[in-house]
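Residue numbers (the numbering used here), protein chains in the order written: chain A, 1 to 434; chain B, 1 to 237. C-beta: ideal position from N, C-alpha, C; glycine also.
Have a look at this one:
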């Protein structure tokens with residue numbers, strides 16, 4: 001019967017070209033507007049690690065106090081003192097303090113020029129916490145962390161650049177002036193937004209190089225990411241370590257909300273201890289934000305964009321109400337045909353199903369045209385957005401399916417009332433009138 | 001085949017009740033060709049739509065092919081309508097953007113018959129009404145008489161037990177009307193049970209029996225003596 005309904009739907013489209021075109025355009029404009037904004041919003045605010053986003057927490061500790069300037073909200077960065085204390089406590093399943101730095105890299109082959117690569121200084125747990133995919137090798141060991149070993153994990157792009165013939169693991173790479181042994185190579189890793197570092201550009205690619213925190217501190221590798229101090233500190237690296245400057249992210253993986261509550265209490269107790277010890281002069285002020293909460297707090301997506309998206313969906317509703325009206329008019333015009341179908345044995349359910357199939361045809365048409373309008377809208381957004389944002393805003397397969405699905409589902413929903421109305425018509429009355 | 005006993009149909013508004021049929025009783029036997037006549041507004045078409053399960057009745061009893069139809073739900077009524085009843089309307093009621101073949105196919109689709117079976121039935125029905133060569137034509141390309149023949153083919157294709165015709169020649173000129181009437185008579189001769197609403201006394205006289213409706217009631221049964229004894233025989237032309 002479905003094939004018959006589809007055939008009838010296509011006939012209906014041919015029979016009511018103008019009205020169908022009007023409905024398709026109405027739907028497509030609504031779909032195009034809402035999908036353009038939704039695609040951009042999803043790209044910019046999407047959960048980069050949905051399977052674990054409720055288990056990974058950014059830990060924040062107020063080490064400046066309420067009177068410090070620019071301290072209205074808790075920063076996503078903590079001081080080295082606090083990071084080390086939290087790290088030593090090992091209260092989570094996994095935890096890592098981290099920061100961003102850069103390396104000048106000198107390729108082994110003499111004919112290639114040195115270049116700069118971004119690097120993440122982190123603990124070995126970092127890779128497992130954020131599901132970094134290894135192509136070969138693995139994260140460095142706990143012993144490497146303890147012994148401040150000169151080891152590194154490198155990204156796929158850098159591995160291809162340095163070792164085009166493969167076999168990077170076990171080889172050495174010159175990072176700055178020191179040689180590091182490569183223990184692992186990542187697969188291409190598109191982790192965006194890059195939530196583990198909210199102080200940098202969230203939509204950058206992941207780093208090329210990863211080295212142990214203990215090693216980096218030992219080698220006095222300065223942060224190239226965010227670093228904020230409440231007062232001036234000396235230029236010596238040890239001064240930075242001792243200071244109250246905030247320059248490390250601290251993330252912890254916890255199994256469930258109960259563990260998160262317990263961990264928060266632990267951090268509060270830690271802050272209270274710091275107060276007792278005379279370091280803090282204010283009541284404990286700490287926070288534990290999961291991935292999505294951290295993204296919201298970072299306000300990387302302007303509120304205006306969220307409002308615009310809601311408004312676009314409101315517009316879609318208006319378009320659908322319009323389409324509903326047009327469908328009512330179209331089915332009213334076809335009351336004679338539907339009455340004949342009822343007279344020769346179609347049940348109300350069969351008429352209802354046929355009308356919905358016809359609406360789905362409009363939905364598919366609206367989806368195709370809406371997809372085109374969405375592509376145009378996104379192309380326009382890419383023109384006006386910052387480069388790192390613009391790179392994310394594209395019409396991927398997900399967006400294509402969402403657009404089609406949204407068009408077909410919303411139009412079918414919009415057709416429910418007209419279809420129900422058509423299925424309830426009294427064939428006797430219409431046929432008498434004829 | 002069709003038996004209505006003390007049947008009533010009332011249309012109610014907030015201020016008025018209108019009896020379209022009142023204490024209406026009729027019995028049409030299998031193989032009969034009955035003409036239903038009466039003035040305009042007498043309730044002929046209401047009778048036909050109730051008989052065809054297109055409309056519900058208010059009171060009384062209605063048995064179709066031996067089964068009480070009171071209280072059937074829409075699916076059951078639709079299935080009965082599809083399997084046991086064939087409609088022929090005054091204004092043909094073909095679907096204009098379906099060709100002849102597809103128009104005849106409509107009731108068969110709702111019966112979910114396999115494609116080969118449907119094609120066989122459609123071809124037989126079109127052959128029966130002499131329109132095999134016009135299967136790909138659209139209604140607008142046919143004369144009124146041909147359109148009515150398509151409607152008859154559509155009614156026949158499902159192999160109905162009862163044909164209900166509402167002024168089947170009302171929109172046709174004399175010559176075409178004669179052709180359609182001859183076709184109905186042939187169908188009757190082949191065993192079809194036909195109930196035909198008409199206000200044309202000439203057509204009514206060609207049926208086996210005439211039932212007259214006035215003000216929603218059967219007031220008069222005129223049965224030509226030569227036919228009552230043998231309801232399946234065909235009246236003399």
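For chain A, is any of its Cβ atoms less than 7 Å away from the one on residue i?
{"i": "residue 62/B", "result": "no"}
{"i": "residue 55/B", "result": "yes"}
{"i": "residue 37/B", "result": "no"}
{"i": "residue 114/B", "result": "no"}
{"i": "residue 97/B", "result": "yes"}
{"i": "residue 75/B", "result": "yes"}
{"i": "residue 134/B", "result": "no"}
{"i": "residue 11/B", "result": "no"}
{"i": "residue 110/B", "result": "yes"}
{"i": "residue 49/B", "result": "yes"}
{"i": "residue 78/B", "result": "yes"}
{"i": "residue 81/B", "result": "yes"}
{"i": "residue 87/B", "result": "yes"}
Can you check which of these residues, the options, is closest to residue i by C-alpha distance?
{"i": "residue 193/B", "options": "173/B, 185/B and 17/B", "result": "185/B"}
{"i": "residue 260/A", "options": "53/A, 146/A, 37/A and 380/A", "result": "53/A"}
{"i": "residue 317/A", "options": "34/A, 9/A and 14/A", "result": "34/A"}
{"i": "residue 296/A", "options": "22/A, 2/A, 409/A and 47/A", "result": "47/A"}
{"i": "residue 87/A", "options": "78/A, 79/A, 196/A and 97/A", "result": "97/A"}
{"i": "residue 123/B", "options": "65/B, 110/B, 150/B and 144/B", "result": "150/B"}
{"i": "residue 84/B", "options": "156/B, 44/B and 142/B", "result": "156/B"}
{"i": "residue 24/A", "options": "269/A, 61/A, 239/A and 366/A", "result": "366/A"}
{"i": "residue 151/A", "options": "428/A, 183/A and 355/A", "result": "183/A"}
{"i": "residue 58/B", "options": "75/B, 19/B, 89/B and 91/B", "result": "19/B"}
{"i": "residue 109/A", "options": "165/A, 270/A and 405/A", "result": "165/A"}
{"i": "residue 90/A", "options": "222/A, 428/A and 142/A", "result": "142/A"}
{"i": "residue 104/A", "options": "211/A, 298/A, 312/A and 116/A", "result": "116/A"}
{"i": "residue 215/B", "options": "12/B, 3/B, 16/B and 44/B", "result": "44/B"}
Under DSSP, the alpha helix (DSSP H) around residue i begins and ends at which residues?
{"i": "residue 417/A", "result": "397 to 423"}
{"i": "residue 144/B", "result": "144 to 157"}
{"i": "residue 5/A", "result": "2 to 15"}
{"i": "residue 507/A", "result": "Shown here, chain A extends from 1 to 434; a query on residue 507/A therefore has no answer."}
{"i": "residue 358/A", "result": "348 to 384"}
{"i": "residue 111/B", "result": "First-last for residue 111/B: undefined, no H or E at that position."}
{"i": "residue 146/A", "result": "142 to 146"}
{"i": "residue 80/A", "result": "80 to 89"}
{"i": "residue 28/B", "result": "No alpha helix (DSSP H) holds residue 28/B; the beta strand (DSSP E) holding it covers 17 to 28."}
{"i": "residue 59/B", "result": "Here residue 59/B belongs to no alpha helix (DSSP H); instead the beta strand (DSSP E) covers 59 to 64."}
{"i": "residue 154/A", "result": "First-last for residue 154/A: 151 to 154, but that is the beta strand (DSSP E), not the alpha helix (DSSP H)."}
{"i": "residue 126/A", "result": "125 to 129"}
{"i": "residue 179/B", "result": "174 to 189"}
7 Å is my cut-off, CB to CB: does residue i come that close to chain B?
{"i": "residue 351/A", "result": "no"}
{"i": "residue 48/A", "result": "no"}
{"i": "residue 345/A", "result": "yes"}
{"i": "residue 334/A", "result": "no"}
{"i": "residue 337/A", "result": "yes"}
{"i": "residue 5/A", "result": "no"}
{"i": "residue 424/A", "result": "no"}
Could you check where the beta strand (DSSP E) with residue i kicks off and where it finishes?
{"i": "residue 181/A", "result": "178 to 186"}
{"i": "residue 8/B", "result": "2 to 12"}
{"i": "residue 69/A", "result": "First-last for residue 69/A: undefined, no H or E at that position."}
{"i": "residue 95/A", "result": "94 to 106"}
{"i": "residue 169/B", "result": "That residue, residue 169/B, is in no beta strand (DSSP E); it is neither H nor E in DSSP."}
{"i": "residue 249/A", "result": "246 to 253"}
{"i": "residue 213/B", "result": "209 to 214"}
{"i": "residue 136/A", "result": "134 to 137"}
{"i": "residue 119/A", "result": "115 to 122"}
For residue i, is the beta carbon positioned less than 6 Å from some heavy atom of the ligand PLP?
{"i": "residue 286/A", "result": "Of ligands this structure carries none, so the ligand PLP is not represented either."}
ask   = So, do the stretch 276 to 295 of chain A and the stretch 23 to 30 of chain A have three or more beta carbon pairs nearer to each other than 8 Å?
value = They do not touch, by the three-pair rule.
ask   = At what residue ranges does the stretch 287 to 341 of chain A contain a whole run of the alpha helix (DSSP H), taking only runs of 4 or more?
value = Those alpha helix (DSSP H) runs which fall completely within the stretch 287 to 341 of chain A and span 4+ residues are 291 to 298 and 303 to 333.
inquiry  = Within 8 Å, do at least three Cβ pairs link the stretch 63 to 81 of chain B to the stretch 328 to 346 of chain A?
reply    = Three or more pairs of CB atoms, one per stretch, sit closer than 8 Å, so the stretch 328 to 346 of chain A contacts the stretch 63 to 81 of chain B.
inquiry  = Count Cβ pairs between the stretch 351 to 367 of chain A and the stretch 415 to 430 of chain A that sit closer than 8 Å; are there 3 or more?
reply    = Output reads yes: the stretch 415 to 430 of chain A touches the stretch 351 to 367 of chain A.
message = Please give the ranges of any beta strand (DSSP E) in the stretch 189 to 213 of chain A, keeping only runs that are unbroken, at least 3 residues long and fully inside the region.
response = Runs of the beta strand (DSSP E) inside the stretch 189 to 213 of chain A: 209 to 212.
At least 3 beta-carbon pairs within less than 8 Å: the stretch 197 to 214 of chain B vs the stretch 30 to 38 of chain B = Contact holds between the stretch 197 to 214 of chain B and the stretch 30 to 38 of chain B, because three or more Cβ pairs, one in each stretch, are under 8 Å apart.
key: Three or more C-beta pairs below 8 Å linking the stretch 222 to 240 of chain A and the stretch 168 to 178 of chain A   = No, they do not touch.
Segment contact, 8 Å Cβ cut-off, at least three pairs: the stretch 234 to 249 of chain A with the stretch 57 to 69 of chain A = The answer is yes - the stretch 57 to 69 of chain A touches the stretch 234 to 249 of chain A, with three or more Cβ pairs under 8 Å.
key: Any 3 or more C-beta pairs closer than 8 Å across the stretch 153 to 167 of chain A and the stretch 2 to 20 of chain A   = Contact between the stretch 153 to 167 of chain A and the stretch 2 to 20 of chain A is absent, because fewer than three Cβ pairs lie under 8 Å.
request  = Flag this pair as touching only if the stretch 119 to 139 of chain B and the stretch 37 to 57 of chain B have three or more C-beta atom pairs under 8 Å; answer yes or no.
outcome  = Under the three-pair Cβ rule at 8 Å, the stretch 119 to 139 of chain B does not count as touching the stretch 37 to 57 of chain B.
The stretch 314 to 331 of chain A in contact with the stretch 51 to 66 of chain B per 3-pair CB rule at 8 Å = The stretch 51 to 66 of chain B and the stretch 314 to 331 of chain A do not touch, with fewer than three beta-carbon pairs separated by less than 8 Å.
request  = Count the CB pairs spanning the stretch 127 to 142 of chain B and the stretch 165 to 173 of chain B that are closer than 8 Å, and state whether there are at least three.
outcome  = Contact between the stretch 127 to 142 of chain B and the stretch 165 to 173 of chain B is absent, because fewer than three Cβ pairs lie under 8 Å.
query = Are there three or more Cβ pairs, one per stretch, closer than 8 Å when the stretch 368 to 380 of chain A is compared with the stretch 399 to 417 of chain A?
reply = The stretch 368 to 380 of chain A is in contact with the stretch 399 to 417 of chain A.
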